[in-house]
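Line by line, the protein sequences are chains A and B.
First residue of the first sequence: 0, per numbering that gives the first Met the number 0; consecutive thereafter.
First residue of the second sequence: 0, per numbering that gives the first Met the number 0; consecutive thereafter.
Where a beta carbon is used, it is the ideal one built from N, C-alpha and C, also for glycine.
Values in this document were obtained by computation on a predicted structure and should not be read as measured data.
First the structure, in the form of structure tokens, and then the observations on it.
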Amino acid sequence: MTVIEARALSKAFTVSVKKGRFRRERRQTAAVDGVDLRIDRGETVGYIGPNGAGKSTTLKMMTGVLMPSGGEVTVCGLVPVKQRIRLALRIGVVFGQRSQLWWDLPLRESFALLRHIYRVPTADHAARLLRCRAMLELDEFLDTPVRQLSLGQRMRGELTAALLHGPEVLFLDEPTIGLDVVSKQAVRAFLTELGAAGDTTVMLTTHDLADIERLCRRLVIIDHGRVVHDGTLEALHARYNSRRRVVVDLDEPPPAPLTLTGATLDATELDGRRLTFGLTTGTAADVVVQVARSAAVRDISVLEPDIEDVIAKLYKNT
Amino acid sequence: MGLFNATARTMPQQKLVGQITTFWVIAASGFRRYSTYRQATVAGTFTNTVFGFLRCYLFLAVAGGAVAGGYTPGQLVTYVWVAQGLLAVVLLWGTPELADRIRTGEVTADLLRPVHPVTSMLAADLGRAWHAVLTRCVPPVLAGLIFFHPYLPARWHTVPLFALSVLFAIVITFCCRFLVNAIAYWLLDVRGPLMLWTLGAGVLSGLLFPLRFLPDAVLLPLWLLTPMPSLFQAPLDVLVERDATPVQFGIVGLQACWLVVMLLLCRLVQRRAERHLVIQGG
Ligand SMILES: Nc1ncnc2c1ncn2[C@@H]1O[C@H](COP(=O)(O)OP(=O)(O)OP(=O)(O)O)[C@@H](O)[C@H]1O
Ligand SMILES: [Mg+2]
């Protein structure tokens with residue numbers, strides 16, 4: 000069942016640029032430029048791209064706070080801006096950079112308020128809150144006014160607030176921004192569990208690629224407002240030919256240059272005592288066996304294809 | 000974690016009951032929010048009381064013991080002190096909070112909730128006003144009672160009618176402030192319009208002096224074509240029984256009309272704004 004559907008979705012901002020002393024010129028910038036997207040129920044999609052690619056703009060249009068300037072979008076079968084209030088009942092949103100909680104009220108009261116605003120049955124609300132308190136460790140600061148929370152504490156509060164009404168779709172714009180390692184892990188574990196339950200659709204924007212690796216089977220990458228990749232991480236690696244690599248440390252540099260079958264020599268370091276091979280058809284074991292024939296191997300390590308590398312390649316190419 | 004599963008069940012109660020509960024709960028949150036600012040409340044009340052003395056002596060000196068603008072000295076005393084008490088309730092000069100939220104893009108949070116923004120802001124403002132009634136109203140009114148000889152209403156219906164009139168004034172003032180702030184949807188910088196409102200509101204609403212001091216040629220269009228006299232002049236005239244009973248009721252009726260017009264206007268403006276709204280910031 001399709002939950003989010005965008006067809007040629009576009010947003011052009013009009014900005015006026017100073018030209019000379021008095022003249023101002025109005026110019027259009029295409030923040031989102033013809034995005035086509037179908038997301039099914041229960042999918043967790045990583046929506047990534049370089050700064051200014053149009054990710055936040057897309058999410059704003061999908062959540063109904065920004066009017067598209069072209070194309071169409073439906074979320075849960077509703078047209079976001081037009082049916083925003085009905086849609087709001089069915090989605091949860093976290094925009095990492097801004098708060099949706101009540102600045103002057105303690106978290107506990109904010110959550111209680113949300114129960115009434117979303118008209119959530121008391122038992123459901125209590126059960127969900129209990130779960131969030133445990134998973135995201137909220138108890139320590141549940142009675143602190145939001146303005147006194149640290150960024151990471153607030154973010155955990157925001158995530159809870161977005162979930163208490165049991166949304167069908169969760170839009171997360173940089174939910175792990177500024178979190179420490181432990182908080183990040185808590186948030187990831189929580190989202191993993193949510194994804195595993197299988198019926199909440201999650202659309203996640205982040206610059207932390209570890210989030211993506213952990214959470215998203217599907218990756219939609221946009222640049223300059225256009226989708227440049229839509230598929231799994233593996234597909235992306237295949238497309239850019241990223242390979243596993245084997246790093247071999249030797250006691251002495253090999254007497255003659257090595258040529259192996261099934262792997263290529265990508266780098267030579269430490270005066271020839273550290274060699275990095277990229278695997279083409281062979282396995283890591285093949286490499287080790289072949290190297291050991293001509294030199295004494297001291298240590299080996301195998302590197303998985305690096306998500307950062309492949310994504311950097313993609314960003315540069317577009 | 001089927002717990003979070005996505006059925007978005009809402010309470011099986013009637014829609015209207017749910018809406019009233021929601022409104023009530025948001026109003027209560029507005030009340031609590033202001034009750035966290037204790038020092039500001041004390042400072043504000045003190046200032047209002049001090050200015051009450053200044054204004055009261057000034058009016059009494061100008062009137063010189065005679066009837067001025069149709070008010071007896073006692074009625075003027077009541078007018079001034081209750082105006083001071085209402086200053087924080089019928090809030091003409093609040094902080095431009097909404098305009099700031101629009102400018103920074105924080106208004107997103109209001110738009111992402113399943114309640115009409117005008118409705119939820121109004122509810123929160125009524126909570127704020129109720130807090131002001133309980134805290135900021137009493138000291139100036141007491142000061143007037145203790146140190147002067149105010150006119151006390153004689154007709155049995157005056158006090159309930161006054162309460163209704165104040166409620167209308169609160170809502171209409173909310174609408175006015177909302178509209179001035181909402182200019183930020185189009186201009187981002189609302190300092191100009193805000194300044195105009197700050198000056199205009201004090202003078203034309205009857206807060207600074209009773210509008211009855213003005214000639215009828217100015218007064219009538221002001222009452223009929225603008226909501227301004229509905230903000231202070233109306234409740235205060237009702238309270239001091241400046242006019243005969245039918246006129247008292249007429250004043251509140253006129254307020255009711257303005258209330259409806261202004262609320263509709265707010266919703267219209269909000270709808271237009273949302274169609275063209277640009278949320279600021281990433
Ligand atoms: N209110 C606005 N007015 C004019 N241009 C805007 C506005 N908001 C965004 N833009 C432009 O639209 C483009 C996309 O912005 P957007 O915030 O969607 O990027 P993003 O992908 O979320 O980037 P980031 O990773 O930095 O958060 C940018 O070039 C930005 O300059
Ligand atoms: Mg962004």
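query, result
"Starting from Tyr150 (chain B), follow the alpha helix (DSSP H) in both directions and report where the run begins and ends.", "Run containing Tyr150 (chain B): none; DSSP gives neither H nor E here."
"For chain B, is any of its Cβ atoms less than 9 Å away from the one on Asp117 (chain A)?", "In the sequence on display, residue 117 (chain A) carries Tyr and not Asp. Yes, because at least one Cβ of chain B sits closer than 9 Å to the Cβ of Tyr117 (chain A)."
"Please list, in chain order, the residues of the segment 38–52 of chain B that have any C-beta partner in chain A closer than 8 Å.", "none"
"In this structure, how does DSSP classify Ser241 (chain A) when only helix, strand and coil are distinguished?", "coil"
"Could you have a look at Arg225 (chain A) and say whether DSSP puts it in helix, strand or coil?", "strand"
"Just the chain B side, please: which residues come within less than 8 Å of Val80 (chain A) by C-beta, in chain order?", "Glu273, Arg274"
"Pick helix, strand or coil for Lys315 (chain A), following the three-state DSSP scheme.", "helix"
"Counting Cβ pairs, one atom from each stretch, are 3 or more of them under 8 Å apart for the segment 133–146 of chain B and the segment 209–219 of chain B?", "no"
"Using 9 Å as the limit for Cβ to Cβ distance, is Ala108 (chain B) near chain A?", "yes"
"Say whether the segment 164–184 of chain A touches the segment 78–91 of chain A, bearing in mind that this needs 3 or more beta-carbon pairs closer than 8 Å, one atom from each stretch.", "yes"
"Going along the chain, which residues of its own chain have a beta-carbon closer than 8 Å to the beta-carbon of Ile182 (chain B), five neighbours each way excluded?", "Ala98, Val189, Pro192"
"Taking all protein chains shown into account, do 16 or more other C-beta atoms lie within 10 angstroms of the C-beta of Thr57 (chain A), making it buried, or fewer, making it exposed?", "buried"
"If I'm right that Ala27 (chain B) touches Gln99 (chain A) with Cβ under 8 Å, what's the distance once you round it to whole angstroms?", "That pair is no contact at about 19 Å."
"So, does the CB of Glu240 (chain B) fall closer than 9 Å to a CB anywhere in chain A?", "no"
"Just by C-beta distance, which residues in the segment 53–64 of chain A are closer than 8 Å to chain D?", "Here the protein chains are A and B, and chain D is not one of them."
"Since Arg241 (chain B) contacts Tyr36 (chain B) with CB under 8 Å, what's their CB separation in whole angstroms?", "About 35 Å separates the two Cβ atoms, so there is no contact after all."
"Is there a Cβ from chain A that is less than 9 Å from the Cβ of Ile25 (chain B)?", "yes"
"At a cut-off of 8 Å, would you count Lys54 (chain A) as near ligand 2, judging by its Cβ distance to the nearest heavy atom?", "yes"
"Does the beta carbon of Val34 (chain A) sit closer than 9 Å to a beta carbon anywhere in chain B?", "no"
"Looking at the C-beta of Phe94 (chain A), does it have a partner C-beta in chain B at a distance below 9 Å?", "yes"
"Going straight from the alpha carbon of Phe21 (chain A) to that of Thr197 (chain B), what length do you get?", "31 Å"
"For Ala7 (chain B), I'd like the list of residues in its chain whose CB is within less than 6 Å of its CB, leaving aside the five on either flank, ordered along the chain.", "Bear in mind that the predicted position of Ala7 (chain B) carries a pLDDT of just 48, short of 50, making it unreliable; the figure below should be weighed with that in mind. Within the same chain, Ala7 (chain B) has no close Cβ partners at all."
"Output needed for Asp222 (chain A): all residues of its chain with C-beta closer than 7 Å, excluding positions within five of it in sequence on either side, in chain order.", "Gly48, Pro49, Ala52, Tyr314, Thr317"
"Apart from the five residues just before and just after Met0 (chain B), which ones in its own chain have a Cβ nearer than 6 Å to its Cβ?", "Residue placement at Met0 (chain B) is flagged as unreliable, the pLDDT there being 47, under the threshold of 50; a coordinate-derived value is accordingly withheld."
"Tell me which residues share the same chain as Pro226 (chain B) and place their Cβ nearer than 8 Å to its Cβ, disregarding the 5 neighbours each side in the sequence.", "Ile171, Cys174, Cys175, Trp257, Val260, Met261"
"How about Gly68 (chain B) and Phe212 (chain B): are their beta carbons less than 9 Å apart?", "yes"
"Using beta-carbon positions only, say whether Val301 (chain A) and Val201 (chain A) come within less than 9 Å of one another.", "no"
"Would you say Leu15 (chain B) faces chain A, with C-beta separation under 9 Å as the test?", "no"
"So, does the segment 209–220 of chain A touch the segment 185–193 of chain A, judging by three or more C-beta pairs under 8 Å?", "yes"
"List, in chain order, every chain B residue whose beta-carbon is nearer than 8 Å to that of Met202 (chain A).", "Neighbours of Met202 (chain A) on chain B: none; closest Cβ ~14 Å, over 8 Å."
"From Arg273 (chain A) to Ser241 (chain A), what distance separates their C-alpha atoms?", "21 Å"
"Starting from the beta carbon of Pro95 (chain B), find every residue of chain A whose beta carbon is closer than 8 Å, and list them in chain order.", "What Pro95 (chain B) touches in chain A: nothing, since even the nearest Cβ is about 16 Å away."
"Give the DSSP bridge partners of Phe170 (chain A), in chain order.", "A:Val92, A:Met202"
"When we look at the beta-carbon of Val14 (chain A) and count the other beta-carbons within 10 Å, is it buried (16 or more) or exposed?", "exposed"
"If distances are taken between C-alpha atoms only, which option among A:Asp32, A:Asp35, A:Gly33, A:Val16 comes closest to Arg26 (chain A)?", "A:Val16"
"For chain A, is any of its Cβ atoms less than 9 Å away from the one on Leu111 (chain B)?", "yes"
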